[in-house]
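Novice: Residue numbers (the numbering used here): 1449 to 2035.
If you scroll down you'll find the structure; I have some questions about it.
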Ligand SMILES: [Zn+2]
């Protein structure tokens, strides 16, 4: 059994002893403090002055010993006090800044436990046509993007919706009018079509004489055979292979764009869902320069076809990429695809395809072996699993790891968890596997009603995103967004978990009411349980003396508004180790 490098130990498994020592110290300190406070003379205790005191607040601490507080004092990036308003006074010094929050809510800052921050950040700087409903709106957005980015040699991006254009067939002429002098290649929302201009076709050498490539189609004028500007499937590669590669500078700028969003949403910790080396380089560069105001646990992509030799490669990356706010101690495995494309692995066939249960991306035996080896090497395992077969296979593999290596407190987790067979629900708690849900998906949107229910049927669909059932077993539930797939706003996801209705929907009946979650559990999923999942609960995730001052202020107390209003709450202030990294312009 290969041991974890000692340098990783603060985050890996060994956390327990220092914690209990720390908490007994705090206990002794608290006893001493209360004895002093009870003393007859009003002698002031010697405490170092705080940098910042938040007063008059509704502080939800996630500290079971004292769930609510009125004031928080911060010094040297850590919380030094959380409690009654009066008690904060003795931390006030000449240089202490005090913010009167007038009843607003304070929470530990959020963690997003499944996000593609850099990919989303890079994409956000490209031409984004998502959600636009008319050709005119799309043309206007392309015009605007081209004007704002005169230095870009290619106009790329996309996410346009197929139904916007007649026969899903936008034309090169429309683009030529807007961008005649630079090549354009814009992918459809589903990634299976590309819309290009004349210059892009010219660069790629695609003409009336170019045959359709295998697995692809060039849309053409029926009379002349001239390409009309839309390329399907592999044909899009004829043009897209000429797009300049994403540079290190692009990746770094993507990360900066991502960080602007996380600060604004009150997120100060993430689990990056699957990283490439260029992304690790960007995180590491910003970590070294001290600009990374985000704790990043990077999940290292495992190529299942390469099997066990992957473990040694990952160990090198884990060793190479670690810094004050970056660690790469997690291995990411994809167990299956998605339900909508019939690629999620199911225990029973899709209703519309007799005999077809989808495709797991690993054989069960190979999965078990890989999990045993990664676990033995001290990696936390993070699995993408959507269908009930993929989820069962994953739980089996994690159980095999525990049998082979003993319980190692690595806190393996499964993300997405769309369809869990009821028989497998108790296994999360039993195996210590964290359920990493994306709760924003847990309502009856068109993906569910149009694409999922018809191919799963009502009996199985009862078990879609069963957050309530998993919570009732006592398993640890964490939350993530999968941004840029969907919104990264934790407040929207928390609301949907509680209401099982769309984030903008008024109050009304929940979709599968048995699976609604309670607000406390969902706040924990995005704070304390995130810290636990990242092996950092000793230093953050609740508001108590000694914890890092990663805090947010919300304009509304989530416990005092209707559940359907949670998404309207705004982050007014984000503190990272006591430092203000975001402030709402109106606050
Ligand atoms: Zn993902």
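Idealized CB from N, CA, C, for every residue including glycine.
Do residue 1607 and residue 1576 have their C-beta atoms closer together than 8 angstroms?
Specialist: Looking up residue 1607 in the chain shown gives position 159. Looking up residue 1576 in the chain shown gives position 128. Against a cut-off of 8 angstroms, the Cβ pair of residue 1576 and residue 1607 comes out as a contact.
Novice: Taking the Cβ atom as the reference point for each residue, do residue 1719 and residue 1990 lie within a distance shorter than 8 angstroms?
Specialist: Position 271 of the chain shown, counted from the first residue, corresponds to residue 1719. Position 542 of the chain shown, counted from the first residue, corresponds to residue 1990. No, the Cβ-Cβ distance between residue 1719 and residue 1990 is not below 8 angstroms.
Novice: Could you give the uninterrupted runs of the alpha helix (DSSP H) lying entirely in the segment 1848-1880, keeping only those of 4 residues or more?
Specialist: 1875-1879
Novice: Taking residue 1974 as part of the alpha helix (DSSP H), name the residues at either end of that continuous run.
Specialist: Looking up residue 1974 in the chain shown gives position 526. From DSSP, the alpha helix (DSSP H) with residue 1974 extends over 1967-1974.
Novice: As a quick exercise: from 1757, 1866 and 2010, pick the residue whose alpha carbon is nearest that of residue 1889.
Specialist: Counting from 1 along the chain shown, the entry for residue 1889 is found at position 441. If we check each option's Cα against that of residue 1889, 1866 comes out closest.
Novice: Would you say residue 1564 touches ligand 1, meaning its beta carbon is less than 7 angstroms from a heavy atom?
Specialist: What you label residue 1564 is simply residue 116 of the chain shown in a count that begins at 1. Yes, the beta carbon of residue 1564 sits closer than 7 angstroms to at least one heavy atom of ligand 1.
Novice: Compute the minimum distance between the beta carbon of residue 1629 and the heavy atoms of ligand 1, and state whether it is under 7 angstroms.
Specialist: Taking the chain shown and counting its residues from 1, the one referred to as residue 1629 is at position 181. No, Cβ of residue 1629 sits at least 7 angstroms from all heavy atoms of ligand 1.
Novice: For residue 1830, which residues in the same chain have their Cβ closer than 6 angstroms to its Cβ, ignoring the five residues on either side in sequence?
Specialist: One-based indexing of the chain shown puts residue 1830 at position 382. Excluding residues within five positions, the ones whose Cβ falls inside 6 angstroms are 1747, 1778, 1780 and 1861.
Novice: Using only Cβ atoms and a threshold of 5 angstroms, which residues come within that distance of a heavy atom of ligand 1? Order them by chain position.
Specialist: 1721 and 1930
Novice: Please state if the CB of residue 1513 and the CB of residue 1539 are separated by a distance shorter than 8 angstroms.
Specialist: Translated into the one-based positions of the chain shown, residue 1539 becomes position 91. Translated into the one-based positions of the chain shown, residue 1513 becomes position 65. Taking 8 angstroms as the Cβ cut-off, residue 1539 and residue 1513 do not qualify as a contacting pair.
Novice: From the DSSP output, read off the bridge partner residues of residue 1516.
Specialist: Looking up residue 1516 in the chain shown gives position 68. Its beta-bridge partners are 1508.
Novice: What first and last residue would you give for the beta strand (DSSP E) that runs through residue 1745?
Specialist: Walking along the chain shown from the start, residue 1745 turns up at place 297. Run containing residue 1745: 1743-1749, per the beta strand (DSSP E) assignment.
Novice: Along the chain, where does the beta strand (DSSP E) that runs through residue 1548 open and close?
Specialist: What you label residue 1548 is simply residue 100 of the chain shown in a count that begins at 1. Residue 1548 -> beta strand (DSSP E) spans 1545-1548.
Novice: Please state whether DSSP places residue 1795 in a helix, a strand or coil.
Specialist: Position 347 of the chain shown, counted from the first residue, corresponds to residue 1795. Three-state result, residue 1795: coil.
Novice: In the structure shown, what three-state DSSP assignment does residue 1489 receive?
Specialist: One-based indexing of the chain shown puts residue 1489 at position 41. Unreliable placement is indicated for residue 1489, whose pLDDT of 37 sits below 50; the coordinate value is still reported in the next sentence. If DSSP states are grouped into helix, strand and coil, residue 1489 belongs with coil.
Novice: Could you tell me which uninterrupted beta strand (DSSP E) segments, each at least 3 residues in length, are contained entirely in the segment 1654-1735, listed from first to last along the chain?
Specialist: Those beta strand (DSSP E) runs which fall completely within the segment 1654-1735 and span 3+ residues are 1664-1668, 1675-1681 and 1715-1723.
Novice: One question on the structure: do residue 1849 and residue 1872 come within less than 8 angstroms of each other, judged by their Cβ atoms?
Specialist: Indexing the chain shown from 1 puts residue 1849 at position 401. Indexing the chain shown from 1 puts residue 1872 at position 424. No, the Cβ-Cβ distance between residue 1849 and residue 1872 is not below 8 angstroms.
Novice: In the DSSP assignment, find the alpha helix (DSSP H) that holds residue 1592 and state where it starts and stops.
Specialist: In the chain shown, residue 1592 corresponds to position 144, counting from 1. Unbroken alpha helix (DSSP H) run through residue 1592: 1583-1596.
Novice: With a 10 Å radius around its C-beta and 16 neighbouring C-beta atoms as the bar for buried, classify residue 2007 as buried or exposed.
Specialist: By 1-based counting over the chain shown, the position of residue 2007 is 559. By the 10 Å Cβ count, residue 2007 comes out exposed.
Novice: If you run the structure through DSSP and keep just helix, strand and coil, what is residue 1977?
Specialist: Your numbering for residue 1977 matches position 529 in the chain shown. Residue 1977 falls in the helix class under three-state DSSP.
Novice: Kindly list the residues whose CB is nearer than 6 angstroms to the CB of residue 1962, restricted to its own chain and excluding five residues on each side of it in sequence; keep chain order.
Specialist: Position 514 of the chain shown holds residue 1962. Shown here for residue 1962: same chain residues with a beta carbon closer than 6 angstroms to its own, the five before and five after excluded, namely 1916 in chain order.
Novice: At a cut of 8 angstroms, does the segment 1730-1738 reach the segment 1764-1779 through at least three beta carbon pairs?
Specialist: yes
Novice: Assuming residue 1914 and residue 1868 form a contact by the criterion Cβ under 8 angstroms, report the distance between their Cβ atoms to the nearest whole angstrom.
Specialist: Translated into positions along the chain shown, residue 1914 becomes position 466. Translated into positions along the chain shown, residue 1868 becomes position 420. Right, the Cβ-Cβ distance comes to about 5 angstroms (below 8 angstroms), so this counts as a contact.
Novice: On a Cα-Cα basis, can you pick out the residue from 1935, 1925, 1699 and 1936 that is closest to residue 1980?
Specialist: Taking the chain shown and counting its residues from 1, the one referred to as residue 1980 is at position 532. Out of 1935, 1925, 1699 and 1936, 1925 has the C-alpha closest to the C-alpha of residue 1980.
Novice: Between residue 1978 and residue 1561, which are expected to be in contact by the criterion C-beta below 8 angstroms, what is the C-beta distance as a whole number of angstroms?
Specialist: Indexing the chain shown from 1 puts residue 1978 at position 530. Indexing the chain shown from 1 puts residue 1561 at position 113. About 5 angstroms; that satisfies the 8 angstroms criterion.
Novice: Leaving out five residues before and five after residue 1792 in sequence, what residues of the same chain have Cβ atoms less than 6 angstroms from its Cβ?
Specialist: Here residue 1792 refers to the residue found at position 344 of the chain shown. Excluding positions up to five away in sequence, the list reads 1784, 1785, 1786, 1806, 1834 and 1835.
Novice: For residue 1908, report the span of its alpha helix (DSSP H) as first-last.
Specialist: The residue labelled residue 1908 in the question sits at position 460 within the chain shown. First-last of the alpha helix (DSSP H) with residue 1908: 1906-1909.
Novice: For residue 1716, does the count of other Cβ atoms within 10 angstroms reach 16, so buried, or fall short, so exposed?
Specialist: Start at 1 with the first residue of the chain shown, and residue 1716 comes out as number 268. Residue 1716 should be labelled buried.
Novice: Where does the unbroken alpha helix (DSSP H) through residue 1765 begin, and where does it stop?
Specialist: Along the chain shown, one-based indexing puts residue 1765 at 317. 1757-1768 is the span of the alpha helix (DSSP H), which, as asked, contains residue 1765.
Novice: Using DSSP bridges, identify the partner residues of residue 1778.
Specialist: As a position in the chain shown, residue 1778 is number 330, starting the count at 1. Its beta-bridge partners are 1747 and 1828.
Novice: Bridge partners of residue 1576, per DSSP?
Specialist: Along the chain shown, one-based indexing puts residue 1576 at 128. According to DSSP, residue 1576 bridges with 1606.
Novice: Taking the alpha-carbon positions, what's the residue 1595 to residue 1698 distance?
Specialist: By 1-based counting over the chain shown, the position of residue 1595 is 147. By 1-based counting over the chain shown, the position of residue 1698 is 250. The alpha-carbon atoms of residue 1595 and residue 1698 are separated by roughly 19 angstroms.
Novice: Do residue 1681 and residue 1640 have their C-beta atoms within less than 8 angstroms of each other?
Specialist: As a first step, residue 1681 is located in the chain shown; it is residue number 233 there, counting from the start. As a first step, residue 1640 is located in the chain shown; it is residue number 192 there, counting from the start. Yes, the pair counts as a contact, with Cβ atoms nearer than the cut-off.
Novice: Taking the DSSP output, what are the residues bridged to residue 1771?
Specialist: Position 323 of the chain shown, counting from 1, holds the residue named residue 1771. Looking at the DSSP assignment, residue 1771 forms a beta bridge with 1774.
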